[in-house]
Every structure is written in C-alpha cells, then in structure tokens.
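S.K.:
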Amino acid sequence: MKEGTSPQTIDSNLKIDQVVIGAEHLTTFAFIDDDILYLEKTTGDVKLIKNSKVQKEPVYHFDVYKVVEAGLLGITINDDYVYIYVSEPLDEQGKIPNENNIYRFLWIDGEFTDKKLVNSLPSRSCCHQGGYMVTSPDNKIFATIGDLENIRGGTPGKLQNVIDGKVDDTSIIFQVGFDENEISPMNSDDPFSHYYAIGIRNSFGLTFDPLTGKMWDTENGQFCCDEINLVSPNFNSGWALAQGIVNEKTIEKIPEIEGFEYSNPEFEWKSVVAPTSLAIPGNQWGEKYANSLFVGDYLNGIIYKFELNDTRDGFIFKDNSLQDLILNEGDSYEEIIFGTGFGRISDMKFGPDGSLYVASHLHNGALFKITMD
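What follows is the structure, given as structure tokens:
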C-alpha cells in the first residue's frame, strides 16, 4: 500500500486488521457458523475463510457472465441455507448474457448440497444487474436488480414509472422465493406481490435496522444524485422520473403504480460517489454508535457515518450545510466521515464477533476487520 492510502478511522479506540488479501474482485461475503464465505465476481468462485485462513479450493464454482457489472454478485444466509445471485452466460467465454439466477444451497459439513433454482431474472445488459441480497429479521430473503439500462439502450417499463409499460422484473427489490411455483415474478398472475420496491435505477446495498426491522438501501444516480433510502413496503423510488430529492411538482408526475408510493430519499450526494453497502451496528459497538448508520462508497474508499434520529427513520446533522439532507459540491462533510483509505468498497457487514468487515476491490483484493479495541 502506498503511504497515506492505508485504511484508517477517526476513532482511536478502533483497530483495523486485514483478514484476506489477494481475492479476485471480492464482491460480497456472508458469515456462516464461525467462518466466512466470500464471492469472487469474475472468477465465479465461492471461497471459504476457515480459522482465519482462506481455503485453497473453492467451495463452489459458477460459470459467470463477466462483462462490466455482471458476475457472481450476491450472497446471504438463512439458517443452514445459502442463497447466491449470479449472472450466468450462454457461452464458455462469459461474454453473452443468459439470466440472473438465484440458487439456494444447503450447507452441510462445509459443502454446498441440494442446489435449487429459486428465482430467474433477466440479464440482457452489461450493467445495472444489482445482485445484493439480505436476510430480514423475520427470515425472509430480499434481493435487488437494477434497470438493466432500460433507459439508455432499451425500453423503459412500468417498473421505471411508465404507466402503460411492460412489467419485466427490473428496477425492483423483491422477495426471493416468494412463490416456489413461479421463479420469474413477471410470469406470475400478480408480479407486484413479489416486489417490495420499484423504481430502483441500481443498488449495491440493502440492510435492515436490527432495532426497528426497517429496510434501508443505497441507490446509484445517473451522473448525479446518489441516494440513501428508507424502504417501506410498496416503496417507489421514482426512477426514471426522479432521482435525488425532488420538489412537489416533480412528485406529482410520479404515478402510483399498484399501490407503490414515492417518497424522497433520506440523503443525497449531489456528486456521484457510488455508495455501496450499508451497515447498522445496533448495540454491537455500545452507546456511542447505537444510533449510527454506516455507508461505504466505491469511488473514494470512504466510510460515512450518519446519525439516526429518535424514530430511526431519518438523519440528524449538526452542520447547517447538511440539514437540507443534500451533500452539495462545496459543502463541508467532515461530520459524516468515519473512515478513509479503504479503496473501492464493495460490501460491509457487522459480524457475529461485533467487528465491522469491509470488502475492497483495491489493496490487492482485501477484506478488512474493524474492531473495538
């Protein structure tokens, strides 16, 4: 690492250790038993960290569509079941898209067994595949998929707020395996019953507040207006009619589709930072961080810390320039900086040991652990 680029936080009571180095495009990870499973986006390998050591052989290998944002994208755990989101190819070279598929495996004695396809989604583009997955406090699995660039190269549909458009399983947060008899929600009698949110341009982060059970996401804007959203059931994030915090005149133009209602984001970066994962400690780091929400970004390697309000449905700021809930160019943002030098952050999660784990595409493919000293 070059001098001055090493990861650091503003809190001297926290220490940073490197858990993994040399991971090939480490996308995301999950905790299982006392170990960690992580995904390599472009190799298609699922790797296991056991007793703090990366095992030589992958747990499982997928052939992947590996163009730009596609690949091995999402993992979450529910009891002994492992769910994985993967962009699969039609060709051996991984250059022709097939589908974005979600598989469920049973984890037995360190191996994947009983492979089952639970959802199949479109994958016709290089970009905006989404893929992040999360397990809710009541053990439901949720995943996100972006618009697959419907706006730039395709045809916008109802899920991008074109009222008479096609429903095509893009721009959504959805419940994985909602109906075991229908793996593609758009082919069901009621696709919207599978959906938790619509109007999502693209997202690399979902989490649930452990204290309230509320969902939060990050959303990536087009040339501006990256967002943090509190995601209630039947949420419409507004794309492609809105991005960032918009006025009432714009809100009036956003249709209510199948009971999905728009609300403005809880925070907006006016300039693009590419926010990825979110993590909420709850009580794991004590009273000092009990009301914190952390967000990582891909462009700058920054971990931001936002202070939740008393009802944990928005943020509070001391700096006057942030009280409009927008970080404009030229605004001071020292108040929300928690960590720097983490490279291209692709995922963050609090582990069962109370540490915050941070995956980075830089630092030679690293997984860091931030621990209360």
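Heads up, the sequence shown stops at 842 in the numbering used here, and the numbers go up one at a time, no gaps. No residue lacks a Cβ here, since even glycine has one placed at the ideal position from N, Cα and C.
1. According to the Cβ coordinates, are M655 and V636 closer than 8 angstroms?
2. Please state whether DSSP places K471 in a helix, a strand or coil.
3. By the 10 Å Cβ neighbour count, where 16 or more other Cβ atoms means buried, how is C694 classified, buried or exposed?
4. If you draw a straight line from the C-alpha of N789 to the C-alpha of I577, how long is it?
5. Excluding the 5 residues flanking G823 on each side, which residues of the same chain have their C-beta closer than 6 angstroms to its C-beta?
6. Taking the beta carbon of I669 as the centre, do at least 16 other beta carbons fall within 10 Å, making it buried, or is it exposed?
7. Can you find the residues in the same chain that come closer than 7 angstroms, C-beta to C-beta, to T681, ignoring five residues on each side of it along the sequence?
8. If I measure Cβ to Cβ from R813 and keep anything under 7 angstroms in the same chain, skipping five residues before and after, which residues do I get?
9. When the Cα atoms are used, what is the spatial distance from S801 to K739?
10. Pick helix, strand or coil for F661, following the three-state DSSP scheme.
11. With N547 and T496 assumed to form a contact (beta carbons below 8 angstroms), what rounded beta-carbon distance in angstroms separates them?
12. Which residues in the same chain as Y664 place their Cβ atom closer than 6 angstroms to its Cβ, once the five residues preceding and following it in sequence are excluded?
13. From E472 to E727, what does the alpha carbon distance come to, in whole angstroms?
14. Which same chain residues, not among the five before or five after P660, have their C-beta less than 6 angstroms away from its C-beta?
15. Taking just the CA atoms, how far does P679 sit from D607?
16. Can L675 and F763 be called in contact, C-beta distance under 8 angstroms?
17. Output needed for G626: all residues of its chain with C-beta closer than 6 angstroms, excluding positions within five of it in sequence on either side, in chain order.
18. So, helix, strand or coil for M841, using DSSP?
19. Assuming contact is defined by CB atoms lying nearer than 8 angstroms, are I667 and W685 in contact in what I supplied?
20. Are the CB atoms of I652 and S589 nearer to each other than 8 angstroms?
21. Can you list, in chain order, the residues of its chain with a C-beta nearer than 7 angstroms to that of G810? Leave out the 5 residues immediately preceding and following it.
22. Taking the CB atoms as reference points, tell me whether L541 and K510 lie closer together than 8 angstroms.
23. Under 8 angstroms by Cβ, that's how I've got I723 and Y773 pegged, so tell me the actual separation to the nearest angstrom.
24. Tell me the rounded alpha-carbon separation between E526 and D514.
25. In this structure, how does DSSP classify T719 when only helix, strand and coil are distinguished?
26. Our contact map puts Y572 next to I553 with C-beta atoms below 8 angstroms; I'd like the distance itself, whole angstroms only.
27. So if DSSP puts M817 in a beta bridge, which residue, or which two residues, is it bridged to?
28. Select from D502, V537, K683 the residue whose C-alpha is nearest the C-alpha of N520.
M.R.: Reading off the structure:
1. Taking 8 angstroms as the Cβ cut-off, M655 and V636 qualify as a contacting pair.
2. With a pLDDT of only 39 at K471, under 50, the local geometry of the prediction cannot be trusted, and no value is derived from it.
3. By the 10 Å Cβ count, C694 comes out buried.
4. Each residue's Cα considered, the two are about 53 angstroms apart.
5. Only Q753 meet the Cβ criterion.
6. With 16 or more Cβ atoms within 10 Å of its Cβ, I669 is classed as buried.
7. Closer than 7 angstroms at the Cβ level, and outside the excluded window around T681, lie R781.
8. If you ignore the 5 residues before and after R813, its C-beta comes within less than 7 angstroms of the C-beta of Y767, G770, S829, H830, L831, all in its own chain and listed in chain order.
9. Going from the Cα of S801 to the Cα of K739 covers about 13 angstroms.
10. Note: F661 maps to helix in three-state DSSP.
11. Rounded, the Cβ-Cβ distance is 19 angstroms, inconsistent with contact.
12. Counting only Cβ-Cβ distances below 6 angstroms, and skipping sequence neighbours, we find I641, F643.
13. Bear in mind that a pLDDT of 37 at E472, under 50, signals an unreliable position, so the number given afterwards is only what the model happens to contain. If I take the Cα positions, the gap works out to 53 angstroms.
14. Taken in chain order, the residues that qualify are V636, P654.
15. Going by the C-alpha atoms only, they are around 11 angstroms apart.
16. No.
17. Sequence-distant partners of G626 (beyond 5 residues in either direction) whose C-beta falls short of 6 angstroms from its own C-beta, in its chain, are G634, K635, D637.
18. Reduced to three states, the DSSP call for M841 is strand.
19. No; because the gap between Cβ atoms is not below 8 angstroms, this pair is not in contact.
20. Contact annotation: I652 and S589 have beta-carbon atoms nearer than 8 angstroms.
21. Excluding residues within five positions, the ones whose Cβ falls inside 7 angstroms are T474, S475, P476, Q477, G770.
22. At the C-beta level, L541 and K510 come within 8 angstroms of one another.
23. 27 angstroms between Cβ atoms; not a contact.
24. Cα-Cα distance, rounded: 9 angstroms.
25. Note: T719 maps to helix in three-state DSSP.
26. The beta-carbon distance between Y572 and I553, rounded to whole angstroms, is 5 angstroms. This is short enough to meet the 8 angstroms contact definition.
27. For M817, which the question treats as bridged, DSSP gives the partners V827.
28. Comparing Cα positions, the closest option is D502.
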